[in-house]
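Have a look at the structure below before the remarks.
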Amino acid sequence: MQQTISYHHLTVFKVHFLCLFLVLAAGISTGFIGASFATLVVLFFVNPRIKLEVWFVLFLFTFFLGDNFDGTLGFDNNLRFIILALGLLLLWNENLFADNAAKYILPFALFATLVTYLLSPLGVLATIRGISYYLMALVVFKLSTVLIDKDSSRFYNLIVLSISLFVILNCAVFVFPVLKVTYFRGRFMGLMNNPNGLAMVAMFAYPIIDLLRRKDVTIFTSLALRIIQILLIILVILSGSRTSLLCIVTYEAVIRLYQRKTILFFAILTLLATYTIIINIDIERVLHNYGLSGYFRVESLKTGSGRTDVWKVAVEEIKEQPWFGKGMLYDDYFVKDYSRRYLGENAGRQWGGIWSSYLSLLLNVGALGFLICSFFWYKMMTLSKMPTTKVGFLCLCLLSAVSESWMAASMNAFMPLILLCWAIQIYQPEKEIQEL
35 MQQTISYHHL
45 TVFKVHFLCL
55 FLVLAAGIST
65 GFIGASFATL
75 VVLFFVNPRI
85 KLEVWFVLFL
95 FTFFLGDNFD
105 GTLGFDNNLR
115 FIILALGLLL
125 LWNENLFADN
135 AAKYILPFAL
145 FATLVTYLLS
155 PLGVLATIRG
165 ISYYLMALVV
175 FKLSTVLIDK
185 DSSRFYNLIV
195 LSISLFVILN
205 CAVFVFPVLK
215 VTYFRGRFMG
225 LMNNPNGLAM
235 VAMFAYPIID
245 LLRRKDVTIF
255 TSLALRIIQI
265 LLIILVILSG
275 SRTSLLCIVT
285 YEAVIRLYQR
295 KTILFFAILT
305 LLATYTIIIN
315 IDIERVLHNY
325 GLSGYFRVES
335 LKTGSGRTDV
345 WKVAVEEIKE
355 QPWFGKGMLY
365 DDYFVKDYSR
375 RYLGENAGRQ
385 WGGIWSSYLS
395 LLLNVGALGF
405 LICSFFWYKM
415 MTLSKMPTTK
425 VGFLCLCLLS
435 AVSESWMAAS
445 MNAFMPLILL
455 CWAIQIYQPE
465 KEIQEL
């Protein structure tokens with residue numbers, strides 16, 4: 035469905051992005067209260083025909099920037115809750131619960147909420163973290179259904195433009211560092227609060243752009259979408275995130291191997307040969323010789339930037355309550371409490387989190403909760419109408435979860451993109467369903 039991109043195509047969403055900049059300007063100048071008021075005003079006065087689309091743009095960017103706990107963009111952290119509540123209200127009249135794949139994450143949300151209520155030492159704020167999984171899925175899946183049924187091509191174009199704007203703004207900050215802090219220990223973090231956050235947003239946006247390119251349902255040419263993907267990779271490289279870069283490479287490799295099963299056998303042989311070579315050479319010296327030691331941070335390769343030290347302690351704690359865990363947010367509470375009691379001021383940065391979704395889930399909801407959560411991922415795979423893409427995307431998600439704890443939180447910067455990618459694969463007009 036590639037067309038020549040005209041000025042009209044690029045300006046049809048001008049109101050949407052003007053609303054976004056109005057909310058951002060209000061937040062930067064007056065903080066959370068001003069941003070909340072601007073959001074309410076925008077959604078009240080905007081044309082009803084585009085109200086859900088405007089909310090979607092505000093939703094994406096509020097969550098993208100929500101990792102900013104302080105500073106210029108610190109208002110977005112609390113604005114997330116306002117945006118989510120407004121989304122539930124706007125979608126209520128759209129028969130919110132009907133034909134909604136969010137029902138498949140409801141068992142996990144209820145289990146996590148119950149375990150947290152009964153076992154958590156952290157109170158009400160931790161308890162509501164469980165049900166928020168369901169609320170997030172409700173709005174993303176229902177919004178996708180409504181906008182795809184209304185005009186799928188228009189919705190897909192809006193997604194591409196939103197991700198493109200995020201890329202452009204971060205590239206602009208790289209060239210013109212107008213924010214007070216845009217780097218952390220030499221690693222670019224753009225509009226995010228940390229470089230890994232920027233990398234993971236870019237990483238999860240990558241398969242969405244690739245998915246829309248394969249579907250060929252936007253006004254953008256395949257080349258234009260490829261350029262966006264390249265820019266996303268550049269953001270990952272600038273951030274210095276080894277995990278995100280590896281996940282994108284894995285995604286591309288899985289897609290190609292799945293499409294060409296005849297070379298799968300040779301690929302496995304090559305992988306085994308490569309592994310044999312790597313374990314028999316000094317990989318640190320090789321990276322030093324090629325000038326890549328700085329980017330790959332070779333001094334921390336063996337310990338995963340100290341993550342393995344944290345993981346050993348986490349495993350011992352999991353053994354204390356292996357089946358049910360100790361409630362949402364316990365992973366963060368435990369590691370910081372351990373750090374304070376046993377390490378004090380000598381604690382390294384790695385002791386600021388668990389850094390593994392699997393260990394975080396086991397700490398929070400135990401083995402039973404982990405299995406119930408797995409049911410959601412299984413259902414996403416069975417519901418997806420894109421056999422190739424779903425395998426690649428699942429591999430990307432599962433691999434990234436090894437060294438990041440994003441699965442243990444539903445309102446982070448990445449969950450909207452993850453749910454959106456599944457929604458695009460699940461909800462499609464019949465004419466778009468194809469084997470990918």
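Heads up: the sequence shown at position 200 corresponds to 234 in the numbering used here, and the numbers run straight through without jumps.
We put the CB at the ideal spot given by N, CA and C, even for glycine.
These figures come from a predicted structure and were not determined experimentally.
**Message:** With a threshold of 8 Å, are at least 3 pairs of Cβ atoms found where one atom belongs to the region 261-275 and the other to the region 233-247?
**Reply:** yes
**Request:** Within the same chain, show all residues whose beta-carbon is closer than 6 Å to that of cysteine 53, passing over the 5 residues directly before and after it, in chain order.
**Result:** For the purposes of this step, residue 53 is taken as the residue at position 19 of the sequence shown. Within the same chain, cysteine 53 has close Cβ partners Val76, Val88.
**Request:** Return the CA-CA distance between glutamine 263 and leucine 74, expressed in angstroms with no decimal places.
**Result:** Within the sequence shown, numbered from 1, the residue matching residue 263 stands at position 229. Within the sequence shown, numbered from 1, the residue matching residue 74 stands at position 40. When rounded, the distance between both Cα atoms is 34 Å.
**Request:** Mind listing, in chain order, the continuous alpha helix (DSSP H) runs of no fewer than 4 residues lying wholly within the region 243-287?
**Result:** 256-273
**Item:** Between the CA atoms of isoleucine 182 and phenylalanine 238 - distance to the nearest angstrom
**Value:** Counting from 1 along the sequence shown, the entry for residue 238 is found at position 204. Counting from 1 along the sequence shown, the entry for residue 182 is found at position 148. If you take the alpha carbons of phenylalanine 238 and isoleucine 182, they lie about 20 Å apart.
**Request:** Alpha carbon to alpha carbon, how far is threonine 147 from isoleucine 458? Give it in angstroms, no decimals.
**Result:** Along the sequence shown, read from residue 1 onward, the residue named residue 458 stands at position 424. Along the sequence shown, read from residue 1 onward, the residue named residue 147 stands at position 113. Roughly 28 Å separates the two Cα atoms.
**Prompt:** Whose C-beta lies closer than 8 Å to the C-beta of leucine 99 among residues of the same chain, with five residues either side of it excluded?
**Reply:** Counting from one through the sequence shown, the residue named residue 99 turns up at place 65. Result list for leucine 99: Leu107, Asp110, Leu225, Met226, Ala447, in chain order.
**Request:** Report all residues from its chain with a CB closer than 8 Å to the CB of serine 154; omit the five preceding and five following residues, and keep chain order.
**Result:** Stepping through the sequence shown from its first residue, residue 154 is reached at position 120. The answer, listed in chain order, is Ala160, Thr161, Lys360, Gly361, Met362, Leu363, Tyr364.
**Asked** DSSP puts phenylalanine 218 in a beta bridge; with which residues?
**Response** Your numbering for residue 218 matches position 184 in the sequence shown. Answer is Arg221.
**Asked** Which word fits proline 82, buried or exposed, when buried means at least 16 other C-beta atoms lie within 10 angstroms of its C-beta?
**Response** Your numbering for residue 82 matches position 48 in the sequence shown. Exposed, since its Cβ has fewer than 16 Cβ neighbours within 10 Å.
**Request:** Note down the Cα distance separating valine 149 from phenylalanine 358, rounded to an integer number of angstroms.
**Result:** As a first step, residue 149 is located in the sequence shown; it is residue number 115 there, counting from the start. As a first step, residue 358 is located in the sequence shown; it is residue number 324 there, counting from the start. Valine 149 and phenylalanine 358: Cα-Cα distance of roughly 7 Å.
**Request:** Jot down the residue ranges of each uninterrupted alpha helix (DSSP H) in the region 387-425, minimum 4 residues, whole runs only, in chain order.
**Result:** 391-417
**Request:** State the CB to CB distance for the pair leucine 395 and methionine 441, rounded to an integer number of angstroms; the pair is presumed to be in contact (CB under 8 Å).
**Result:** As a working mapping, residue 395 is identified with position 361 in the sequence shown. As a working mapping, residue 441 is identified with position 407 in the sequence shown. Yes, leucine 395 and methionine 441 are in contact; Cβ-Cβ is about 6 Å, under 8 Å.
**Prompt:** Just checking my contact of serine 187 with leucine 454 at CB under 8 Å: how many whole Å lie between their CB atoms?
**Reply:** Along the sequence shown, read from residue 1 onward, the residue named residue 187 stands at position 153. Along the sequence shown, read from residue 1 onward, the residue named residue 454 stands at position 420. Serine 187 to leucine 454, Cβ: 16 Å. No contact.
**Message:** Whole angstroms are fine: how far does the CA of glutamate 128 sit from the CA of arginine 221?
**Reply:** Position 187 of the sequence shown, counted from the start, is the residue given in the question as residue 221. Position 94 of the sequence shown, counted from the start, is the residue given in the question as residue 128. Spanning the two alpha carbons is a distance of roughly 43 Å.
**Prompt:** Just to confirm, are leucine 125 and lysine 176 a CB contact at a threshold of 8 Å?
**Reply:** Position 91 of the sequence shown holds residue 125. Position 142 of the sequence shown holds residue 176. In this structure, lysine 176 lies closer than 8 Å to leucine 125 by Cβ.
**Prompt:** Is isoleucine 197 closer than 8 Å to isoleucine 242 when the C-beta atoms are compared?
**Reply:** Taking the sequence shown and counting its residues from 1, one reaches residue 242 at position 208. Taking the sequence shown and counting its residues from 1, one reaches residue 197 at position 163. Yes.
**Request:** Return helix, strand or coil for isoleucine 139, following the three-state DSSP convention.
**Result:** Here residue 139 refers to the residue found at position 105 of the sequence shown. Here isoleucine 139 sits in coil by DSSP.
**Request:** Select from Leu402, Gly400, Val194, Asp133 the residue whose C-alpha is nearest the C-alpha of isoleucine 261.
**Result:** What you label residue 261 is simply residue 227 of the sequence shown in a count that begins at 1. Residue Val194 is the option with its Cα nearest to isoleucine 261.
**Prompt:** Per DSSP, what kind of secondary structure is glutamine 293 in: helix, strand or coil?
**Reply:** As a working note, residue 293 is residue 259 in the sequence shown. DSSP places glutamine 293 in helix when its eight states are reduced to three.
**Prompt:** Secondary structure at leucine 363, three-state DSSP: helix, strand or coil?
**Reply:** Numbered from its first residue, the sequence shown carries residue 363 at position 329. Coil, per DSSP.
**Asked** Does the distance from the CB of tryptophan 411 to the CB of valine 344 come in under 8 Å?
**Response** One-based indexing of the sequence shown puts residue 411 at position 377. One-based indexing of the sequence shown puts residue 344 at position 310. Going by C-beta atoms, tryptophan 411 is not nearer than 8 Å to valine 344.
**Asked** With 16 as the cutoff for other CB atoms within 10 Å, does serine 439 come out buried or exposed?
**Response** Start at 1 with the first residue of the sequence shown, and residue 439 comes out as number 405. Per the 10 Å Cβ criterion, buried.
**Prompt:** Count the other CB atoms within 10 Å of the CB of aspartate 101; is the residue buried (16 or more) or exposed (fewer)?
**Reply:** If you number the sequence shown from 1, residue 101 lands on position 67. By the neighbour-count rule (16 or more Cβ atoms within 10 Å), aspartate 101 is buried.
**Message:** Less than 8 Å between C-beta atoms, sequence neighbours within five positions excluded: which residues of the same chain meet that for alanine 443?
**Reply:** Residue numbering aside, residue 443 sits at position 409 when the sequence shown is read from its first letter. Only Arg163, Met449 meet the Cβ criterion.
**Prompt:** Under a three-way DSSP split, which group does leucine 156 fall into?
**Reply:** Here residue 156 is taken as the residue at index 122 of the sequence shown, counted from 1. Note: leucine 156 maps to coil in three-state DSSP.
**Request:** Using alpha carbons as the reference points, say which of Ala435, Leu430, Met414 lies closest to alanine 135.
**Result:** Working through the sequence shown from its first residue, we reach residue 135 at position 101. Per the Cα distances, Met414.
**Collapsed DSSP secondary structure at asparagine 446 in the structure displayed** = As a working note, residue 446 is residue 412 in the sequence shown. Reduced to three states, the DSSP call for asparagine 446 is coil.
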